[in-house]
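Chemist: One structure, as structure tokens, below. Some questions next.
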Amino acid sequence: MNCEDEKINTLVLYGPTNTGKSLICKLMTSFLEHGSVMRRQEASAFAYENLLNRKVALMEEPKICAANQQDLKQILGGEPFEVHIKYQNPDLLERLPVVVTTNEPLGVRLSDVDAAATEGRCKIYTLDKQICNANIDETVPAPPYKLCSCDMAHLLLPIYELLAL
Numbered sequence: 033m034n035c036e037d038e039k040i041n042t043l044v045l046y047g048p049t050n051t052g053k054s055l056i057c058k059l060m061t062s063f064l065e066h067g068s069v070m071r072r073q074e075a076s077a078f079a080y081e082n083l084l085n086r087k088v089a090l091m092e093e094p095k096i097c098a099a100n101q102q103d104l105k106q107i108l109g110g111e112p113f114e115v116h117i118k119y120q121n122p123d124l125l126e127r128l129p130v131v132v133t134t135n136e137p138l139g140v141r142l143s144d145v146d147a148a149a150t151e152g153r154c155k156i157y158t159l160d161k162q163i164c165n166a167n168i169d170e171t172v173p174a175p176p177y178k179l180c181s182c183d184m185a186h187l188l189l190p191i192y193e194l195l196a197l
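And the structure:
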């Protein structure tokens, strides 16, 4: 996120549903001016105009395929990228940290070579433990369930206990 690495510009939170990927993403970026790439707009000519003049880019469940791979590879790698703006001249998107949440590998729709090139621009963290509800000893219900503070306390308790040792 501090743009120290010239090639790695993206943090990927990867894992199944209810592992807290979107929650962690929101906690990390809520205080920053951020732009989002909407999932169904990735093929649009104007898909990235929302990223201009922002501090961080957010992508939830991006569908990277051969049609948009080159554009996303540039953005994920932090390379300057020309963004088309509706009814205006294109503008240059400078290096912008990207946070991606996904439950499938980024390169699942790409060849092995293209997948490696795309994922090589990312730091990937795998979240594999589902968040448990503090009130019942099971997993949190599937979305659109709204997490409460007791769920967060239950999620963070093992970390707190580990730090207390």
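First residue of the sequence shown? That's 33 in this note's numbering, and the numbers climb one at a time after it. Think of the CB as a built atom: it goes at the ideal place given N, C-alpha and C, for glycine as much as any other residue. Just so it is clear, the structure is predicted and the values come from calculations on it, not from any experiment.
From this set, S68, T42 and K53, which residue's C-alpha is nearest L83's C-alpha?
Modeler: S68
Chemist: Grouping DSSP H, G and I as helix and E and B as strand, with all else coil, what is V115?
Modeler: strand
Chemist: Got a sec, what are the start and stop residues for the beta strand (DSSP E) A89 sits in?
Modeler: V88 to E92
Chemist: Return the CA-CA distance between R127 and K155, expressed in angstroms with no decimal places.
Modeler: Rounded to the nearest angstrom, the two C-alpha atoms are 16 angstroms apart.
Chemist: Quick check on V140: buried or exposed, where buried means 16 or more other Cβ atoms within 10 Å of its Cβ?
Modeler: By the 10 Å Cβ count, V140 comes out exposed.
Chemist: Where E151 and V44 are concerned, what is the direct C-alpha to C-alpha distance, given to the nearest angstrom?
Modeler: 9 angstroms
Chemist: Are there 16 or more other CB atoms within 10 angstroms of the CB of N78, so buried, or fewer, so exposed?
Modeler: Strictly speaking, residue 78 in this sequence is Phe, with Asn absent from that position. Classification of F78: exposed, given that the 10 Å Cβ count is below 16.
Chemist: What would DSSP say about S68, mapped onto helix, strand or coil?
Modeler: strand
Chemist: What is the DSSP secondary structure of V140, counted as helix, strand or coil?
Modeler: coil
Chemist: Please name the residue or residues paired with K155 in a DSSP beta bridge.
Modeler: L43
Chemist: Going by the beta-carbon positions, is the gap between P94 and L104 smaller than 8 angstroms?
Modeler: yes
Chemist: With distances taken Cα to Cα, identify the nearest neighbour of N202 among N50, C57, E193 and Y46.
Modeler: With the chain covering 33 to 197 only, the question about residue 202 has no answer from this structure.
Chemist: In or out: N85 buried (at least 16 other Cβ within 10 Å) or exposed?
Modeler: exposed
Chemist: Where do the ends of the beta strand (DSSP E) carrying L84 lie?
Modeler: Element bounds for L84: n/a, residue is neither H nor E.
Chemist: So, using beta-carbon positions, are L125 and Y177 closer together than 8 angstroms?
Modeler: No. Outside cutoff.
Chemist: Between the C-alpha atoms of A98 and L138, what's the straight-line distance to the nearest angstrom?
Modeler: Cα to Cα, the separation comes out at about 12 angstroms.
Chemist: Assign D103 to one of three DSSP states: helix, strand, or coil.
Modeler: Of the three classes helix, strand and coil, the one that applies to D103 here is helix, per DSSP.
Chemist: Going by DSSP, what residues sit across from V133 in a beta bridge?
Modeler: One detail in the question is off: residue 133 reads as Thr in this sequence, not Val. Residue pairing from DSSP places T133 in a beta bridge opposite L45 and E92.
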